[in-house]
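*Asks:* Structure below; questions to follow.
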Amino acid sequence: MTSPPRTTPDTGHDLRLLVRAATMYHLEGLTQAEIAKRLGVSRPTAGRLVARARAQGLVQVTVSAPSHLSSSIHTDLERTVEETFGLDEVLIIDEIADGSASANAALGRAGASVLMRRIQPTDVLGFTWGPEQVAVADAMAATSSCRQVVQMDGSMTSVEYHTGVDHALARLSDRLHARPMRLVAPLYADPDTVTALQRDSILSQSLSAARSANVMLFGVGSVSTSTTLFEGAFIDAIVLDELDELGAVGEIGGRFYDDHGRAVQSTLVDRTVSVPLESVRACPTSILVSGGEHRRDSILGAIRGGYSTILVTDLPTAEWLVAQQKGEL
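Numbering (our numbering), first residue to last: 52 to 380.
If you want it as structure tokens, here you go:
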């Protein structure tokens with residue numbers, strides 16, 4: 052007499068049990084404890100049934116965006132940029148970031164959504180001044196909070212130039228219910244003055260708070276006459292020529308770096324009043340908000356240098372960054 056054939060795993064009754072457990076969990080929304088009670092098994096067994104159903108391809112999860120929004124959602128590309136550069140998060144906007152007020156506003160709305168989601172009540176937020184950061188501040192809602200908001204770079208210059216730093220500081224601290232701390236200093240000064248400013252009892256507190264901020268918000272500037280530093284007479288054509296010869300492609304808080312994010316040792320280094328690049332790199336949550344063809348090299352150098360953990364940018368820039376890193380351009 053031959054013995055009856057044994058039922059192989061996940062066939063017959065076993066397969067039906069897997070499907071039933073998966074249906075209860077994914078479609079009916081039952082917890083593992085509720086599934087265990089309904090099926091008459093232990094809670095660990097219920098968990099294993101759900102896991103086995105997914106592992107064996109019995110469960111396929113599909114996320115469908117509404118048709119009127121699907122063209123503006125770029126999840127696959129965002130994930131590709133994250134994996135290519137080791138970033139925690141990438142958010143891509145549809146608008147082309149061409150430096151216009153509307154484009155900056157779009158970047159600002161996206162940047163604000165990330166900042167409000169990431170910031171915590173005990174955090175210190177540091178920010179550099181620039182149009183994108185002002186746009187983020189304008190788009191903030193009073194739904195999040197942090198302990199302190201601090202300016203990361205000096206903003207005083209020899210000409211009348213509106214940096215937006217006061218507006219951004221006031222708006223960010225108001226919306227985040229935080230204590231503002233301004234850095235009342237020039238961005239560039241002679242080395243002896245910079246040393247004296249760093250020793251000043253008031254300014255040293257601002258610089259120390261900015262260096263140790265655990266969330267940073269910043270944009271990047273390019274090495275050209277279209278940069279805010281040139282427009283605001285912070286640097287001149289002679290300095291631009293020097294930076295170009297040294298291979299600089301961008302700056303954060305007035306500190307310049309090359310196409311791989313390495314600090315450029317120009318004559319500005321000892322003259323700069325801002326958070327050092329190494330402090331930006333060490334920040335656990337650093338949000339870079341920038342885009343556009345005029346900023347691509349600056350953005351690439353910044354993320355290659357590890358200065359950003361989160362990137363908010365536009366679609367053409369994101370595609371260019373991936374292609375450039377993979378050597379397709």
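Here a beta-carbon is modelled for each residue, glycine too, at the ideal position from N, C-alpha and C.
(1) Which residue comes first and which comes last in the alpha helix (DSSP H) that contains L328?
(2) Apart from the five residues just before and just after R229, which ones in its own chain have a Cβ nearer than 8 Å to its Cβ?
(3) Determine, using beta-carbon pairs with one atom in the stretch 202-218 and one in the stretch 168-188, whether at least three such pairs fall under 8 Å.
(4) With distances taken from CA atoms, which of I286, G159 and S259 is nearest V185?
(5) In angstroms with no decimal places, state the Cα-to-Cα distance between L100 and L69.
(6) Can you tell me which of D65, A314 and Q171 puts its alpha carbon nearest to the alpha carbon of H335?
(7) What alpha helix (DSSP H) runs, 4 residues minimum, are completely inside the stretch 212-296?
(8) Going by C-alpha distance, which of L227, Q249 and E146 is nearest T368?
(9) Determine whether the beta carbon atoms of L142 and E129 lie at a separation below 9 Å.
(10) Taking the alpha helix (DSSP H) that V210 belongs to, which residues open and close that run?
(11) Does the count of Cβ pairs from the stretch 233-245 and the stretch 255-275 closer than 8 Å reach three?
(12) Given M167, which residues of its chain have a CB within under 7 Å of its CB, disregarding the five upstream and five downstream residues?
(13) Would the beta-carbon of S277 fall within 9 Å of that of S349?
(14) What did DSSP end up calling R198 once you bin it into helix, strand or coil?
(15) Does G301 pass the burial test, meaning 16 or more other C-beta atoms within 10 Å, or should it be called exposed?
(16) For E370 and G80, I'd like the C-alpha separation in whole angstroms.
(17) Can you list, in chain order, the residues of its chain whose CB lies under 6 Å from that of R355, leaving out five sequence neighbours each side?
(18) For E140, list the residues DSSP reports as bridge partners.
(19) Is L297 closer than 9 Å to D309 when the C-beta atoms are compared?
(20) Less than 8 Å between C-beta atoms, sequence neighbours within five positions excluded: which residues of the same chain meet that for V315?
(21) Which two residues bound the contiguous beta strand (DSSP E) that contains G177?
(22) Excluding five sequence neighbours on each side, which residues of the same chain lie with their C-beta closer than 8 Å to the C-beta of H119?
(23) Cβ of E282 within 9 Å of Cβ of Y358?
(24) Taking T208 as the reference, which of T279, L109, G343 and T364 has the closest Cα?
(25) Am I right that T360 and S337 are in contact with their C-beta atoms under 8 Å? What's the rounded C-beta distance?
(26) Count the other C-beta atoms from every protein chain shown that fall within 10 angstroms of the C-beta of L78, then say buried if there are 16 or more, exposed otherwise.
(27) Who are the Cβ neighbours of G162 in its own chain at under 6 Å, not counting the five residues just before and after it?
(28) Under three-state DSSP, which class holds V417?
(29) Return the chain-ordered ranges of every beta strand (DSSP E) run that is complete within the stretch 292-323 and spans a minimum of 3 residues.
(30) Compute the Euclidean distance between the alpha carbons of R250 and T131, then round it to the nearest angstrom.
(31) Taking 8 Å as the limit between beta carbons, can you name the residues of its chain near V245, skipping five residues before and five after?
(32) Work out the CA separation of L319 and F285 for me, nearest whole Å.
(33) Would you list the residues sitting across from S349 in a DSSP beta bridge?
*Replies:* Looking at the coordinates:
(1) Position 277 of the sequence shown, counted from the first residue, corresponds to residue 328. L328 to A333 is the span of the alpha helix (DSSP H), which, as asked, contains L328.
(2) Here residue 229 is taken as the residue at index 178 of the sequence shown, counted from 1. It is worth fixing the name first, because residue 229 is Ala in this sequence and not Arg. Within the same chain, A229 has close Cβ partners L176, S196, C197, R198, Q199, V200 and L223.
(3) yes
(4) Counted from its first residue, the sequence shown places residue 185 at position 134. Answer by Cα proximity: G159.
(5) Within the sequence shown, numbered from 1, the residue matching residue 100 stands at position 49. Within the sequence shown, numbered from 1, the residue matching residue 69 stands at position 18. Answer to the nearest angstrom: the Cα atoms are 5 Å apart.
(6) Working through the sequence shown from its first residue, we reach residue 335 at position 284. Rather than His, the amino acid found at residue 335 in this sequence is Pro. The candidate whose alpha carbon is nearest that of P335 is Q171.
(7) 216-226, 242-250, 254-262, 279-282 and 288-296
(8) As a first step, residue 368 is located in the sequence shown; it is residue number 317 there, counting from the start. The residue with the shortest Cα to Cα distance from T368 is E146.
(9) For the purposes of this step, residue 142 is taken as residue 91 along the sequence shown, with counting starting at 1. For the purposes of this step, residue 129 is taken as residue 78 along the sequence shown, with counting starting at 1. A contact, by the Cβ cut-off of 9 Å.
(10) Taking the sequence shown and counting its residues from 1, the one referred to as residue 210 is at position 159. That residue, V210, is in no alpha helix (DSSP H); it is neither H nor E in DSSP.
(11) yes
(12) On the sequence shown, residue 167 is found 116 positions in, with the first residue counted as 1. The answer, listed in chain order, is M191, A192, T194 and S195.
(13) Stepping through the sequence shown from its first residue, residue 277 is reached at position 226. Stepping through the sequence shown from its first residue, residue 349 is reached at position 298. In this structure, S349 does not lie closer than 9 Å to S277 by Cβ.
(14) Reading the sequence shown from its first residue, position 147 is the one you call residue 198. The answer is coil: DSSP assigns R198 none of H, G, I, E or B.
(15) On the sequence shown, position 250 is the one that residue 301 refers to. Buried: at least 16 other Cβ atoms inside 10 Å.
(16) In the sequence shown, the residue the question calls residue 370 occupies position 319. In the sequence shown, the residue the question calls residue 80 occupies position 29. Using only the alpha carbons, I get a separation of about 38 Å.
(17) The residue given as residue 355 occupies position 304 in the sequence shown. Correct list, in chain order: H311 and G312.
(18) Indexing the sequence shown from 1 puts residue 140 at position 89. According to DSSP, E140 bridges with I361.
(19) Indexing the sequence shown from 1 puts residue 309 at position 258. Indexing the sequence shown from 1 puts residue 297 at position 246. Taking 9 Å as the Cβ cut-off, D309 and L297 qualify as a contacting pair.
(20) In the sequence shown, residue 315 corresponds to position 264, counting from 1. Excluding residues within five positions, the ones whose Cβ falls inside 8 Å are L294, L297, G298, A299, F307, Y308 and D309.
(21) For the purposes of this step, residue 177 is taken as residue 126 along the sequence shown, with counting starting at 1. From DSSP, the beta strand (DSSP E) with G177 extends over V175 to F178.
(22) Position 68 of the sequence shown, counted from the first residue, corresponds to residue 119. Unreliable positioning characterises H119 in this predicted model, as indicated by a pLDDT of 48, which lies under 50. The coordinate reading is nonetheless provided below. None.
(23) Indexing the sequence shown from 1 puts residue 282 at position 231. Indexing the sequence shown from 1 puts residue 358 at position 307. Cβ distance not < 9 Å, so E282 and Y358 don't count as in contact.
(24) The residue you call residue 208 lines up with position 157 of the sequence shown. Checked all of T279, L109, G343 and T364; the closest Cα to T208 is T279.
(25) For the purposes of this step, residue 360 is identified with residue 309 of the sequence shown, where counting begins at 1. For the purposes of this step, residue 337 is identified with residue 286 of the sequence shown, where counting begins at 1. Indeed, because the Cβ distance is near 5 Å, the residues count as touching under 8 Å.
(26) Taking the first residue of the sequence shown as 1, we reach residue 78 at position 27. L78 comes out exposed.
(27) Here residue 162 refers to the residue found at position 111 of the sequence shown. Only V187, V340 and V363 meet the Cβ criterion.
(28) This structure leaves residue 417 out entirely; the chain is present only between 52 and 380.
(29) 301-303 and 306-308
(30) Numbered from 1 along the sequence shown, position 199 holds the residue referred to as residue 250. Numbered from 1 along the sequence shown, position 80 holds the residue referred to as residue 131. Straight-line Cα distance between these residues: approximately 45 Å.
(31) Here residue 245 is taken as the residue at index 194 of the sequence shown, counted from 1. Answer for V245: D321, R322, T323 and V324, listed in chain order.
(32) Start at 1 with the first residue of the sequence shown, and residue 285 comes out as number 234. Start at 1 with the first residue of the sequence shown, and residue 319 comes out as number 268. One C-alpha to the other measures close to 11 Å.
(33) To locate residue 349, count along the sequence shown from 1; it is residue 298. The partner list for S349 (beta bridge, DSSP) is empty, contrary to what the question assumes.
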